[in-house]
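Numbering (full-length UniProt numbering), first residue to last: 1 to 209. Just so you know, even glycine gets a beta-carbon here, dropped at the ideal spot from N, CA and C. Heads up: the structure comes next, in structure tokens.
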């Protein structure tokens with residue numbers, strides 16, 4: 001587990017100019033945190049945001065860089081800043097015993113739209129399709145059909161265990177709806193344009209928020 005936490009922190013610092021020193025206390029604090037235990041051992045906790053920052057700590061007349069970590073299970077309040085790493089379970093609704101079952105996603109402030117897309121497709125869509133949850137069969141069927149259409153449109157094979165994670169990014173889904181709009185007429189074309197425009201408008205709002 002120690003190595004996994006260090007990997008999480010290292011992923012963040014490898015993409016920034018922060019110094020990688022003084023990680024020990026921050027890693028120890030994270031390992032001992034109640035939030036991490038709840039995230040790993042609670043079936044209802046499927047996503048968490050890990051905030052990592054560097055602060056100046058005074059020691060007598062000197063100032064040293066001090067690494068701070070904070071794990072938040074209330075993902076609805078996540079600001080998707082570039083100091084954030086999103087942790088998601090590969091199998092939502094399960095207890096995690098192996099750190100390899102957790103997806104580590106560094107958040108880039110350059111693309112909050114893609115960050116939100118990743119969270120929705122990695123966490124919330126699998127939950128909607130999970131039979132443990134009280135979701136209508138028609139909704140699950142529509143999601144499965146959309147997954148199959150998105151994947152086949154990109155020239156990939158559709159398999160029985162295929163899921164929406166096969167769609168890599170927001171651009172993949174936008175491209176799909178653009179092709180649908182060009183291919184069809186009438187209500188089908190209107191529907192495709194509605195989805196394309198809605199996704200584009202949301203992405204623009206996030207980029208300039």
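Residue i burial status per 10 Å Cβ neighbour count (16 or more: buried)
| i | result |
| --- | --- |
| residue 139 | exposed |
| residue 194 | exposed |
| residue 42 | exposed |
| residue 147 | buried |
| residue 201 | exposed |
| residue 198 | exposed |
| residue 63 | Because the pLDDT at residue 63 is just 49, under 50, the model does not fix this residue reliably, and the value given afterwards should be weighed accordingly. By the neighbour-count rule (16 or more Cβ atoms within 10 Å), residue 63 is not buried but exposed. |
Straight-line Cα distance separating residue j from residue i
| i | j | result |
| --- | --- | --- |
| residue 188 | residue 50 | 41 Å |
| residue 170 | residue 206 | 13 Å |
| residue 30 | residue 71 | 7 Å |
| residue 174 | residue 86 | 23 Å |
| residue 88 | residue 36 | 12 Å |
| residue 48 | residue 190 | 37 Å |
| residue 32 | residue 84 | 19 Å |
| residue 137 | residue 145 | 12 Å |
| residue 98 | residue 186 | 50 Å |
| residue 268 | residue 184 | The structure shown does not extend to residue 268, since the chain spans only 1 to 209, so no value can be given for it. |
| residue 141 | residue 182 | 25 Å |
Cutoff 6 Å; reference residue i; Cβ partners in own chain excluding five residues on either side
| i | result |
| --- | --- |
| residue 180 | 192 |
| residue 117 | 170 |
| residue 40 | 96 |
| residue 217 | Only positions 1 to 209 of the chain appear in this structure, which leaves residue 217 out of reach. |
| residue 59 | Because the pLDDT at residue 59 is just 48, under 50, the model does not fix this residue reliably, and the point stays unresolved. |
Own chain, CB closer than 7 Å to residue i, minus 5 neighbours either side, in chain order
| i | result |
| --- | --- |
| residue 178 | 196 |
| residue 28 | none |
| residue 203 | 113, 170 |
Cut-off 8 Å between Cβ atoms - residues of its own chain near residue i, not counting five sequence neighbours on either side
| i | result |
| --- | --- |
| residue 34 | none |
| residue 161 | Caution applies to residue 161, whose pLDDT of 47 falls short of 50 and renders its modelled position unreliable; the value that the coordinates give is listed next. Here the set comprises nothing. |
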